[in-house]
Amino acid sequence: MNALAEMFRIGPGNKDHYPAVRCAVGVFLPLIILVLFGRLDLVVFASFAAFTNIYGRNEPHSHRFRSQLRAGSLLLGIILLATLTARAAQGSDAYVWILTIGTTLVAALCSVTTALWRLRPAGSLFHIFAFAAIASVPQQPPLWEGMLAAVLTAVLALLIGMSARVVPSHRTPWKRPPADRLLPQEIRAAWLEGLGYFVAAGLAGTLATLVGQWLGFGHGYWAMVAAVVPLVGRSTRHRMQRGIQRIVGTLLGLLVLAGILWLGPAPWQMVLVIAACQFGAELFIARQYLVAQIFVTPLALISTLLVANVPPGLLLRDRVVETVIGAAVGVAVVVAPAAWSRLRARRLRV
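With the UniProt record's numbering, the residue at position 125 of the sequence shown is 125, and numbering never jumps.
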């Protein structure tokens, strides 16, 4: 009962509205400009570059600038790799498997990179999402236009991250961040974590692709995103709870999305919804993951509907199936080492 209550407990706030506002503004401005100019094909590039705002959440300004510069550079590299992958291999019969393999490698390597750079939030969830979503876009815009939209959005994120410095009372001392000096055990832990991401994303992607080909589902990378969610946590129980919260929060978020789509919003109104959902997600992401997912789900799917002509009903169905598959795989990957250790200890006692 305590574990169940913990899943629905909302932690205390820590000035969460400040990063929430930064993230909401950071995604709203580039998207509304693209919508007003009729360049919906560039929305996906700006959306994922805007994830730069998420990093350095409560860090002093000098530390935040370094974190966001690193995070933005990594995201831009992933965006470039994704669009090059789409241009080189899209259209081939094996592309769905190329996408799964590529996303699995991104999951592992970006997890290691964020760990070695000590970026927060940790892990490679955003990089998995960015790579797979952009590489899945069938009609790629000119490369320079897509990358320009992404670069300008990342630069805007850096400016927003430093915007509080115009108010003297909100400035933090500008001190050069200390060099990263990682202990051998930290480096080893980073690579072990990368292995966990490789296994979880690879298993979820493979299973989702096979099920999708059998039953006619798409968006297998959503399962890969859901699979790595339980890998971030302070304990096995906490990680399992995150997997369950992902499923429950997604189902509730889909109900919210259904109500939004029933209203038939115009593109500029969808951008407002995206900004509002981004604000809500950042407001609760550190306090209650389930509530944050209620905002994240409409945020992700409305972004997809802006750039792809896909029946909303199919998106809702795919989101449910892929999330359940991915979360189940992620929980299994988390539980397996502990279960194996207990089984081994029991055999030794016998």
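Note that beta-carbon positions come from the ideal geometry of N, C-alpha and C, so glycine has one too.
Where Q288 is concerned, there is no enclosing alpha helix (DSSP H), because DSSP gives it neither an H nor an E.
Three or more beta-carbon pairs separated by less than 8 Å are not found between the segment 51-65 and the segment 100-111, which leaves the two stretches without contact. Annotation: the UniProt domain "Integral membrane bound transporter" (207-333) contains no complete segment of the beta strand (DSSP E) (minimum length 3 residues). Each residue's CA atom was taken as its position, placing V232 and G220 some 21 Å apart. Distance check between A46 and each of R57, T297 and I32 places I32 closest, using alpha-carbon atoms only. In the DSSP annotation of this structure, the continuous segment of the alpha helix (DSSP H) that includes M147 starts and ends at L143 to G161. Setting aside the 5 residues that flank it on each side, L156 is surrounded in the same chain by G26, L29 and P30, each with a C-beta closer than 7 Å to its C-beta; the list follows chain order. For G38, the secondary structure class from DSSP, reduced to helix, strand or coil, is coil. If you compare the alpha carbons of L74, R118, D318 and Y55 with that of V211, the shortest gap goes to D318. According to the DSSP assignment, A86 belongs to the alpha helix (DSSP H) that extends over H61 to A89.
The straight-line gap separating the alpha-carbon atoms of L251 and W268 is approximately 25 Å. Note that the C-beta distance between A266 and A227 is not below 9 Å. Taking the Cα of G259 as reference, the smallest distance to any Cα among I98, Q90, P312 and R70 is reached at P312. Bounds of any alpha helix (DSSP H) do not take in Y55, whose DSSP letter is neither H nor E. If you draw a 10 Å sphere on the C-beta of Q293, you find 16 or more other C-beta atoms in it, and that means buried. Between the alpha carbons of Y289 and T172 lies a gap of roughly 29 Å. In the DSSP assignment, W97 falls within the alpha helix (DSSP H) that extends over Y95 to L116. Under the DSSP assignment, I134 falls in the alpha helix (DSSP H) whose first and last residues are L125 to A135. About 34 Å separates the beta carbons of I79 and I10, which is beyond the 8 Å limit, so they are not a contact pair. Shown here, W174 sits in coil according to DSSP, grouped into three states, outside any helix or strand. Fewer than three pairs of CB atoms, one per stretch, sit closer than 8 Å, so the segment 141-154 makes no contact with the segment 111-121. Distances from the alpha-carbon of L272 to those of S303, R237, A88 and N58 put S303 closest. A direct Cα-to-Cα measurement between M147 and G77 gives close to 10 Å. Look at G26 here: in three-state DSSP terms it is helix.
Taking a C-beta distance under 9 Å as the contact criterion, Q68 and L158 qualify as a contact pair. For V167, the three-state secondary structure derived from DSSP is coil. The beta-carbon separation of W222 and G56, rounded to 27 Å, does not stay under the 8 Å limit for a contact.
Under the DSSP assignment, A49 falls in the alpha helix (DSSP H) whose first and last residues are V43 to A49.
In this structure, A130 places its C-beta atom within 9 Å of the C-beta atom of L75. Approximately 5 Å separates the beta-carbon atoms of L34 and V43; this is inside 8 Å, confirming the contact. One Cα belongs to C23, the other to L183, and the distance between them is close to 33 Å.
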